[in-house]
Amino acid sequence: MALDSPPFTHTNGDSFDGQKNTHEINLSTMAINRIHNQALHEIVDPHLGFNSNDDTRNMITAVGELGFQCLQSAKDMRPSMSEVLIALKDIRKMGMDENNKSVEREDTFLLKNVPSSPDSVMAKFHSVSTTPNASS
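Going by UniProt numbering, 104 is the number at position 104 of the sequence shown; the sequence numbering is gapless.
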């Protein structure tokens with residue numbers, strides 16, 4: 001990573017390089033402000049199809065509202081992980097059609113078939129040391 005390049009860029013291409021207003025430097029503060037001001041579309045990846053139909057917009061808005069709750073500074077204002085899981089499952093049900101099949105746009109990919117991290121490999125494998133043996 002180049003040291004002179006800004007480390008974060010959001011979907012409309014503006015970089016977080018210190019040129020933003022101070023109230024938007026913190027990503028969580030920016031997200032809270034956008035959600036609170038009903039400007040969720042400004043921070044949602046356009047490929048998710050926020051404006052494609054009411055069902056998609058409602059699901060993304062529900063995730064945004066859940067995110068808003070999760071970003072609260074007071075711990076007792078944030079949902080527990082089990083509450084988050086229940087909420088996400090409920091949101092997922094919003095996107096199911098009458099045949100219990102997920103309604104998806106053809107060009108939308110939401111972490112499906114993402115390969116696992118090498119740290120989560122379950123298969124056993126033989127590793128050959130690449131460093132010389134210090135005891136020989």
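C-beta atoms are modelled at their ideal positions from N, C-alpha and C, and glycine is treated no differently.
Every value quoted in this text rests on a predicted model; they were computed, and no experiment measured them.
Original post:
Who are the near neighbours of Ser-82 in its chain, counting only those whose CB is closer than 7 Å to its CB and skipping five residues on each side?
Top reply: none
Original post:
Ordered along the chain, which non-local residues of its own chain (more than five positions away) have a Cβ less than 6 Å from that of Asp-107?
Top reply: Reliability of the predicted coordinates at Asp-107 is poor, the pLDDT of 49 falling under 50, and the value obtained from them is presented with this limitation in mind. Hits under 6 Å: none found.
**OP:** Could you tell me whether the region 58 to 70 touches the region 25 to 42, using the rule of 3 or more Cβ pairs below 8 Å?
**Re:** yes
**OP:** Drop a sphere of 10 angstroms on the beta-carbon of Ile-86, count the other beta-carbons inside from all chains shown, and report buried for 16 or more, exposed for fewer.
**Re:** exposed
**OP:** Measure the C-alpha to C-alpha separation of Arg-57 and Asp-45 and round it to an integer number of angstroms.
**Re:** 12 Å
Original post:
Any idea if Met-59 is buried or exposed, counting beta-carbon neighbours within 10 angstroms, 16 or more meaning buried?
Top reply: buried
Original post:
Near Ser-28, which residues of its chain fall below 7 Å by C-beta distance, leaving aside the five closest residues on each side in sequence?
Top reply: Leu-71
Original post:
Which whole runs of the alpha helix (DSSP H) in the region 76 to 100 are 4 residues long or more, in chain order?
Top reply: 81 to 94
Original post:
For the putative contact between Asp-55 and Met-94, defined by C-beta atoms under 8 Å, what is the C-beta separation to the nearest angstrom?
Top reply: 7 Å
Original post:
By the 10 Å Cβ neighbour count, where 16 or more other Cβ atoms means buried, how is residue 140 classified, buried or exposed?
Top reply: It is not possible to answer for residue 140, since the shown part of the chain is limited to 1 through 136.
Original post:
With a CB to CB cut of under 8 Å and the five nearest residues on each side skipped, what residues in its chain are close to Phe-50?
Top reply: Leu-40, His-41, Val-44, Thr-56, Arg-57, Ile-60
Subject >> Span of the alpha helix (DSSP H), counted from its first residue to its last, around Gln-69 >> reply: 54 to 70
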